[in-house]
Amino acid sequence: MLFGSLSLSVRARAHVASFSRLMSFSSQRTTSDSLARPFNAKTISQISQLVKLHHASCQDLELKEVGGRPISSKPPGNAAVLIPFCNVDGQPGILLEVRAKGLRSHSGELSFPGGRVDDTDESNLHAALRETQEELGIDPLCVEILGQIGPAEYNMHGNMLVWPFIGFVHSSPVRTQAASLELPNSIAASDLTADIHPGTEEEPLPDLSLPFIRSQASPNEVANVIHLPLSHLTGKSGRLRLSLFRDVQPYWCIDVTDLLSKSSEIVTANGTETLQASQNPGVSTGRIEVWGLTGWYLNILMRALGIDLQYIRPSRTEG
Numbered sequence: 024m025l026f027g028s029l030s031l032s033v034r035a036r037a038h039v040a041s042f043s044r045l046m047s048f049s050s051q052r053t054t055s056d057s058l059a060r061p062f063n064a065k066t067i068s069q070i071s072q073l074v075k076l077h078h079a080s081c082q083d084l085e086l087k088e089v090g091g092r093p094i095s096s097k098p099p100g101n102a103a104v105l106i107p108f109c110n111v112d113g114q115p116g117i118l119l120e121v122r123a124k125g126l127r128s129h130s131g132e133l134s135f136p137g138g139r140v141d142d143t144d145e146s147n148l149h150a151a152l153r154e155t156q157e158e159l160g161i162d163p164l165c166v167e168i169l170g171q172i173g174p175a176e177y178n179m180h181g182n183m184l185v186w187p188f189i190g191f192v193h194s195s196p197v198r199t200q201a202a203s204l205e206l207p208n209s210i211a212a213s214d215l216t217a218d219i220h221p222g223t224e225e226e227p228l229p230d231l232s233l234p235f236i237r238s239q240a241s242p243n244e245v246a247n248v249i250h251l252p253l254s255h256l257t258g259k260s261g262r263l264r265l266s267l268f269r270d271v272q273p274y275w276c277i278d279v280t281d282l283l284s285k286s287s288e289i290v291t292a293n294g295t296e297t298l299q300a301s302q303n304p305g306v307s308t309g310r311i312e313v314w315g316l317t318g319w320y321l322n323i324l325m326r327a328l329g330i331d332l333q334y335i336r337p338s339r340t341e342g
């Protein structure tokens with residue numbers, strides 16, 4: 024197994040219940056309607072607490088193999104990604120990018136912004152923020168760090184650990200330049216989120232403009248950018264298909280075909296699909312899904328937030 028089942032502590036279950044009430048859904052049965060309320064200061068704070076509890080519960084878990092292959096004893100390299108929460112058109116969700124076709128690795132795949140940790144990066148988190156700015160043009164000062172999930176997974180080659188960080192992308196800077204240079208790998212999210220939310224706790228946080236994000240994305244690295252609403256991450260949305268991550272762990276692939284808005288080639292679990300400009304916007308010749316490591320981390324994050332996914336026997340394997 025990649026790692027054992029994570030059990031929630033009494034404290035964690037209490038936070039999940041509290042978050043469920045804030046978002047107006049039951050952690051036992053989530054519906055798309057109940058996830059339509061935009062993020063506000065209170066829900067962002069609760070997400071931060073849940074993510075920290077999740078990360079603390081899995082720090083001792085270690086990955087022993089990748090795709091059935093033992094991990095090399097050679098010290099791995101490091102990569103980092105940002106899972107960017109945001110409001111778009113009054114809907115809470117997550118930004119995803121389609122990697123440009125010309126990239127050497129993972130071209131045409133749906134992914135979170137991120138990449139290899141360079142020697143010049145102060146930390147894994149610094150790398151995630153730097154890559155997010157390079158790929159999507161998002162100023163690191165606009166990103167409120169909420170925590171990280173884990174354990175970190177190896178890439179398919181087993182030679183690099185991928186560290187996933189969680190952040191909320193604001194429409195304007197929320198931190199100073201000095202604060203952004205002091206972010207450690209081990210995040211104390213409560214230290215980074217104090218007193219930065221204007222207005223009341225219940226007031227929706229400002230929207231991002233998805234067309235603007237698309238316009239400033241690097242064409243050499245990003246072919247498209249989508250906003251995946253949280254309401255699409257439930258069984259009732261009709262978007263979920265159960266599979267196995269690296270032939271071991273059950274997880275949900277998520278259909279985002281209709282969210283893609285321009286012609287590009289996408290790598291899917293079933294091969295390469297081409298979005299046809301002659302068809303309706305966002306409709307392709309096949310089903311375009313969030314899958315693989317990106318899909319796996321998205322599943323882990325949703326479970327950490329109490330969005331319960333009930334697993335059934337998968338019909339096929341991939342990852």
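Residues in the sequence shown are numbered from 24 upward in steps of one, following the numbering used here.
Each residue gets a CB set at the ideal place from its N, CA and C atoms; glycine is no exception.
Since the model is a prediction, treat every value here as computed from it, not as a measurement.
Distance between Thr155 and Ile20 (C-alpha atoms, nearest Å): Since the first residue of the chain shown is 24 and the last is 342, residue 20 is not available in this structure.
message: Which of the three DSSP states is assigned to Arg2 in this structure?
response: Outside the displayed span of the chain (24 to 342) sits residue 2, for which this structure offers no information.
- prompt: When we look at the beta-carbon of Ile210 and count the other beta-carbons within 10 Å, is it buried (16 or more) or exposed?
  reply: Residue numbering aside, residue 210 sits at position 187 when the sequence shown is read from its first letter. With a pLDDT of only 40 at Ile210, under the threshold of 50, the placement of this residue in the model should not be trusted; the figure read from the coordinates follows. By the neighbour-count criterion, in which 16 or more other beta carbons inside 10 Å mark a residue as buried, Ile210 falls on the buried side.
field: Sequence-distant residues of its chain with Cβ nearer than 8 Å to Pro196 (five each side left out)
entry: The sequence position of residue 196 within the sequence shown is 173, counting from 1. Within the same chain, and ignoring the five residues on either side of Pro196 in sequence, the residues whose Cβ sits closer than 8 Å to its Cβ are Asp162, Leu164 and Cys165.
- prompt: Would Ala240 pass as a contact of Glu132 if the rule is Cβ separation under 8 Å?
  reply: Walking along the sequence shown from the start, residue 240 turns up at place 217. Walking along the sequence shown from the start, residue 132 turns up at place 109. No, these two residues do not count as a Cβ contact at 8 Å.
message: Taking the beta carbon of Pro242 as the centre, do at least 16 other beta carbons fall within 10 Å, making it buried, or is it exposed?
response: Position 219 of the sequence shown, counting from 1, holds the residue named residue 242. Counting Cβ neighbours within 10 Å, Pro242 comes out exposed, since fewer than 16 surround it.
query: DSSP state of Phe135, grouped into three classes?
result: Residue mapping note: residue 135 aligns to position 112 of the sequence shown, counting from 1. In the three-state DSSP reduction, Phe135 falls in the coil class, being neither helix nor strand.
- prompt: Between which two residues does the beta strand (DSSP E) containing Glu120 stretch?
  reply: On the sequence shown, residue 120 is found 97 positions in, with the first residue counted as 1. Gln114 to Arg122 is the extent of the beta strand (DSSP E) around Glu120.
Leu105 vs Gly190 beta-carbon contact at 8 Å: Here the question's residue 105 lines up with position 82 in the sequence shown. Here the question's residue 190 lines up with position 167 in the sequence shown. Yes, the pair counts as a contact, with Cβ atoms nearer than the cut-off.
task: Report buried or exposed for Glu224, applying the criterion of at least 16 other Cβ atoms within 10 angstroms of its Cβ.
output: Here the question's residue 224 lines up with position 201 in the sequence shown. So Glu224 ends up on the exposed side.
field: Cβ neighbours of Arg264 in the same chain (closer than 6 Å, five flanking residues each side left out)
entry: In the sequence shown, counting from the first residue as 1, residue 264 sits at position 241. For Arg264, where only same-chain residues beyond five positions count, the Cβ hits under 6 Å are Cys276.
- prompt: Between which two residues does the alpha helix (DSSP H) harbouring Trp314 extend?
  reply: What you label residue 314 is simply residue 291 of the sequence shown in a count that begins at 1. First-last for Trp314: undefined, no H or E at that position.
message: With H, G and I counted as helix, E and B as strand and the rest as coil, what does DSSP make of Gly258?
response: Walking along the sequence shown from the start, residue 258 turns up at place 235. Looking at Gly258 - three-state DSSP - the assignment turns out to be helix.
- request: Identify which residue in Leu282, Ala246 and Pro229 has its Cα closest to the Cα of Asp112.
  value: As a working mapping, residue 112 is identified with position 89 in the sequence shown. For the residues Leu282, Ala246 and Pro229, the minimum Cα distance to Asp112 belongs to Pro229.
- prompt: Taking Cβ positions, are Cys81 and Pro227 nearer each other than 8 Å?
  reply: For the purposes of this step, residue 81 is taken as residue 58 along the sequence shown, with counting starting at 1. For the purposes of this step, residue 227 is taken as residue 204 along the sequence shown, with counting starting at 1. No.
- prompt: Rounded C-beta distance between Arg122 and Glu244? I'm assuming under 8 Å.
  reply: The residue labelled residue 122 in the question sits at position 99 within the sequence shown. The residue labelled residue 244 in the question sits at position 221 within the sequence shown. 7 Å between Cβ atoms; contact.
- prompt: Going by other Cβ atoms of all chains shown within 10 Å of its Cβ, with 16 needed for buried, is His180 buried or exposed?
  reply: What you label residue 180 is simply residue 157 of the sequence shown in a count that begins at 1. Looking at its Cβ environment, which holds fewer than 16 other Cβ atoms inside 10 Å, His180 is exposed.
- prompt: Between Ala79 and Ala327, what straight-line distance do the alpha-carbon atoms span, to the nearest angstrom?
  reply: Here residue 79 corresponds to residue number 56 of the sequence shown, with the count starting at 1. Here residue 327 corresponds to residue number 304 of the sequence shown, with the count starting at 1. When rounded, the distance between both Cα atoms is 11 Å.
message: If distances are taken between C-alpha atoms only, which option among Gly137, Gln69 and Arg139 comes closest to Leu169?
response: For the purposes of this step, residue 169 is identified with residue 146 of the sequence shown, where counting begins at 1. Among Gly137, Gln69 and Arg139, the Cα nearest to that of Leu169 is on Gln69.
- prompt: Helix, strand or coil: how does DSSP classify Pro174 here?
  reply: Here the question's residue 174 lines up with position 151 in the sequence shown. The answer is coil: DSSP assigns Pro174 none of H, G, I, E or B.
message: What residue range does the beta strand (DSSP E) around Leu73 cover?
response: Position 50 of the sequence shown holds residue 73. Element bounds for Leu73: not the beta strand (DSSP E) but the alpha helix (DSSP H), Ala64 to Ser80.
- prompt: In whole angstroms, what separates the C-alpha of Leu253 from that of Trp319?
  reply: Indexing the sequence shown from 1 puts residue 253 at position 230. Indexing the sequence shown from 1 puts residue 319 at position 296. Roughly 16 Å between the two C-alpha positions.
- prompt: Cβ of Trp186 within 8 Å of Cβ of Asn147?
  reply: By 1-based counting over the sequence shown, the position of residue 186 is 163. By 1-based counting over the sequence shown, the position of residue 147 is 124. Yes; because the gap between Cβ atoms is below 8 Å, this pair is in contact.
message: Quick check: the Cα distance between His193 and Arg310, rounded to an integer number of angstroms?
response: In the sequence shown, residue 193 corresponds to position 170, counting from 1. In the sequence shown, residue 310 corresponds to position 287, counting from 1. Near 31 Å, if we compare the C-alpha coordinates of Arg310 and His193.
message: Please report the distance separating the alpha-carbon of Pro115 from that of Leu231.
response: Position 92 of the sequence shown, counting from 1, holds the residue named residue 115. Position 208 of the sequence shown, counting from 1, holds the residue named residue 231. One C-alpha to the other measures close to 10 Å.
- prompt: What is the rounded straight-line gap between the Cα of Asp142 and the Cα of Tyr177?
  reply: Against the sequence shown, residue 142 aligns to sequence position 119. Against the sequence shown, residue 177 aligns to sequence position 154. Straight-line Cα distance between these residues: approximately 19 Å.
- request: Output yes or no for whether 8 Å exceeds the beta carbon distance between Ile330 and Leu256.
  value: Numbered from 1 along the sequence shown, position 307 holds the residue referred to as residue 330. Numbered from 1 along the sequence shown, position 233 holds the residue referred to as residue 256. Yes. Within cutoff.
- prompt: Any idea which residues DSSP pairs Ile161 with across the strands?
  reply: By 1-based counting over the sequence shown, the position of residue 161 is 138. Its beta-bridge partners do not exist; DSSP assigns none.
message: For Leu233, report the span of its alpha helix (DSSP H) as first-last.
response: Here residue 233 corresponds to residue number 210 of the sequence shown, with the count starting at 1. Start and end: Leu233 to Gln239.
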